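Q: The sequence shown lines up with residues 476 to 1019 when you count with the numbering used here. Glycine included, every Cβ here is placed at the ideal spot set by N, Cα and C. A quick note: this is a predicted structure, and the numbers were derived from the prediction, not measured. Have a look at this one before I ask anything.
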Amino acid sequence: MSILSTVLGSLLSEILQTPSTIVSLSVFVLVTVILWKLAKPLVKLFVRTKRLDEIVGAAPRHWFFGHLKKYPPTHDGILRGSRERPASFPLMFNFWIAPCFSFLHTYHPDSAIALLSSGAPKNNVGYRFVRPWIGDGLLTSKGKKWQRNRHLLTPAFHFKILKGYVEIFNKTSKEMLDKWENLGNGPIEISVDVGLMTLDTMLQCAMSVETNCQQLSENHPYIKAVEDLASLITLRINKPLYLIDFIFWNSKAGKRFKEAAKIVHKEAENIIRSRKQELKQKMLWNNRIHSDKQTNDSDCSSDEDNDGTPKRKLFDFLDTLIHTKDEEGNGLTDREIRDEVDTFLFEGHDTTSSGIQWTLYNLAKYPEYQEKCRKEVNEVLGDKQSVEWDDLAKFSYLTMFIKEDMRLYPPVVTVSRELVEPLTVKSKLALMKEAIIPTGSTVSLHIFTLHRNPHVWENPHVFDPERFTKENIAKRSPHAYLPFSAGSRNCIGQNFAMNEMKITIAQTLRRFRLYLDNDTPEPKMAPRLILQSKNGIHIKFEKL
Ligand code: HEM
């Protein structure tokens, strides 16, 4: 640095006609200040990262690539991590990403309670990529805005509303199964079809939009755009250069993302506008009917609206979003409604699809449990073709099976928070009684590792639905099993998702025996934002 200052100093002294020592000294001070300004945040990060090491007990580091080299986001990496990390560090592990940066991964009920009840805001790393699509909806918003909107959206998930969706779940799953019935005896790669089915379901439940997307996905611009957005987010997460905004937005993929987001936003805006129009007309019409004493009853029970369109029987998410009002009588703006609809589409379709895919795979893998589930489904449904609302609570073994599936294959692998104040974690474990995590740390709840932590689960890698009998649940901490997270920011759509999963699985078990053989490759987990399979999920179906 002193050589640089001397060279720059003598050059400047020539130009400024000032003694070179004074100029060199000034340049030296200036360069030092600039370098310190640049280095200070890195030094601060480094010190905090080292501090976290001390808190959890030093972990073996791999300097240049951090722990990513040892525990990459792949099938083998995530399995190795879930076995090795809790073995040495039962509560949490300081996961070095680079020399100056780490995530604190927690995976024990004691640290989960502390983190999820702390009120720490979400960290931006993962959701940064979905924000240009879903905006500032419930999943990504913070503070007062989130609080108000969570309160406004809760009625959309009331059981009276969810009841109305049972018919849709039956219909969309039957459509998928009809498709499979026509595919013959070979193994079927199910991930695309299940993804289209859950998207079809979400579109109908969120906005009563019927796209026929399970048959015609490639030809439908809106469906194509939603699929593009989901796959481009995955691409972005997997390509380190695309993590840099400037590079991504100027790449072909970034331009495709912008294009797809434009289509999706425009379509949602059109639907919201016409729904508001429809509701306004309906109000005018109703007012006219009430004020007109001569109107007879048959006018009101017509199967068509006053504009000639068929009456919608379903009160969908969009209706709730449009009608909801806070204490001051203020509702959501059009932009807020659009963000929430997009949030439901994003958060509600890939997650449920992942849950259904891995459940079907595990049914095929464990024929004895499959038979037990089928027996129960047949007993509950008898001769009925469709599952009804009251049947859902009677599927007790099937529910245990789905829960065990989401223990070993949680659709959302991890959730993370940014500490705005120190976090105290207290534990009964001998190895770590208390830890105080400093402000500014990024702390994640690694759901995948929590669900396989040997300090919490006996034989954690063994698939066993009996873990979810009432007696066995009572023996564990309520924070041992968190596929839908917990606390105030838990999943608002968990009952919706469980209902859809139960109905799809019950319908499948009624029609097919599922099995694996030498032609069905073992799926390789790909832990991205959502747990997927890198090579798809292949299952054989035998018609019953
Ligand atoms: C098996 C399916 C699902 C799983 C495993 C799942 C899991 C989760 C998890 C772990 C979170 C917490 C995220 C975080 O803290 O960053 C979450 C939040 C959320 N989920 Fe789900 N989800 C599922 C289905 C759904 C469905 C069907 C919907 C909507 C219809 C939905 C809507 C949401 C929303 C809006 C949030 C944000 C809630 C808030 O922050 O207030 N999810 N979900």
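(1) Going along the chain, which unbroken runs of the beta strand (DSSP E) with 3 or more residues stay wholly within the stretch 872 to 928?
(2) So, helix, strand or coil for HIS798, using DSSP?
(3) Could you please give the first and the last residue of the uninterrupted beta strand (DSSP E) stretch that includes PRO1002?
(4) For the alpha helix (DSSP H) that contains PHE721, what are its first and last residues?
(5) Look up LEU989 in the DSSP assignment and give the residues it is bridged to.
(6) Contact defined as beta carbons within less than 8 Å: I believe ASN928 pairs with TYR582. What is the distance between those atoms, to the nearest angstrom?
(7) What residues does the ligand HEM have around it, judged by CB closer than 6 Å to any heavy atom, in chain order?
(8) Taking C-alpha atoms, which residue in GLN690, ASP720, SER1008 and ARG748 lies nearest to SER465?
(9) I'd like the span of the beta strand (DSSP E) that includes ASN837, first residue to last.
(10) By Cβ distance, which residues of its chain are closer than 8 Å to LYS977, with the 5 residues on each side in sequence left out?
(11) May I ask whether a heavy atom of the ligand PLP can be found less than 6 Å away from the beta carbon of ILE877?
(12) Expressed to the nearest angstrom, what Euclidean distance is found between the alpha-carbon atoms of ARG606 and PHE821?
(13) Whole angstroms is fine: what's the gap from GLU702's alpha carbon to THR914's?
(14) In this structure, how does DSSP classify LEU658 when only helix, strand and coil are distinguished?
(15) Which one of PHE564, VAL895, VAL888 and PRO584 has the shortest CA to CA distance from GLY532?
(16) Around the Cβ of VAL522, are there at least 16 other Cβ atoms within 10 angstroms (buried) or fewer (exposed)?
(17) Name the two residues that bound the continuous beta strand (DSSP E) containing LEU867.
(18) Once DSSP output is grouped into helix, strand and coil, what is the label at ILE738?
(19) Would you kindly check if the distance between the Cβ of PRO584 and the Cβ of SER952 is under 7 Å?
(20) Would you mind reading off the limits of the alpha helix (DSSP H) that contains THR676?
(21) Buried or exposed for GLU851, going by 16 or more other Cβ atoms inside 10 Å?
(22) DSSP three-state label for SER577, please.
(23) Identify whether PHE943 lies in helix, strand or coil by the three-state DSSP scheme.
(24) Buried or exposed for VAL504, please, with buried defined as at least 16 other CB atoms from any protein chain shown within 10 angstroms of its CB.
(25) Can the beta-carbon of LEU894 be found less than 7 Å from the beta-carbon of SER916?
(26) The alpha helix (DSSP H) that contains PHE500, what's its start and end?
(27) Any idea which residues DSSP pairs LEU614 with across the strands?
(28) Can you check whether the CB of HIS542 is closer than 7 Å to the CB of PHE570?
(29) Report buried or exposed for LYS768, applying the criterion of at least 16 other Cβ atoms within 10 angstroms of its Cβ.
(30) Who are the Cβ neighbours of PHE959 in its own chain at under 7 Å, not counting the five residues just before and after it?
(31) Taking TYR956 as the reference, which of PRO596, SER891, GLU975 and ASP880 has the closest Cα?
A: To lay it out plainly:
(1) 889 to 893, 898 to 901, 909 to 912 and 917 to 921
(2) helix
(3) It spans 1000 to 1002 - the beta strand (DSSP E) in which PRO1002 sits, taken as one unbroken run.
(4) Run containing PHE721: 720 to 724, per the alpha helix (DSSP H) assignment.
(5) When beta bridges are read from the DSSP output, LEU989 appears opposite PHE1016.
(6) 5 Å
(7) LYS597, LEU613, LEU614, ARG625, THR818, PHE819, GLU822, GLY823, THR826, THR827, GLY830, PRO886, VAL887, VAL890, PRO958, PHE959, SER960, ARG964, CYS966, ILE967, GLY968, PHE971 and ALA972
(8) There is simply no residue 465 to check, as the chain begins at 476 and stops at 1019 in what is shown.
(9) Element bounds for ASN837: not the beta strand (DSSP E) but the alpha helix (DSSP H), 809 to 840.
(10) VAL862, LEU867, PHE870, LEU873, THR874 and ILE877
(11) Questions concerning the ligand PLP fall outside what the structure shown contains, since the ligands it does hold are the ligand HEM.
(12) Distance from the CA of ARG606 to the CA of PHE821, rounded to the nearest whole angstrom, comes to 11 Å.
(13) 38 Å
(14) DSSP places LEU658 in coil when its eight states are reduced to three.
(15) Nearest of PHE564, VAL895, VAL888 and PRO584 to GLY532, Cα basis: PHE564.
(16) exposed
(17) LEU867 -> not in any beta strand (DSSP E); alpha helix (DSSP H) instead, spanning 864 to 867.
(18) helix
(19) yes
(20) 666 to 682
(21) buried
(22) strand
(23) helix
(24) exposed
(25) yes
(26) The sequence shown places Leu at residue 500, rather than the Phe named in the question. Residues 495 to 531.
(27) For LEU614, which the question treats as bridged, DSSP gives no partner whatsoever.
(28) yes
(29) Bear in mind that a pLDDT of 45 at LYS768, under 50, signals an unreliable position, so the model cannot answer this.
(30) ASN965, CYS966 and GLN969
(31) ASP880
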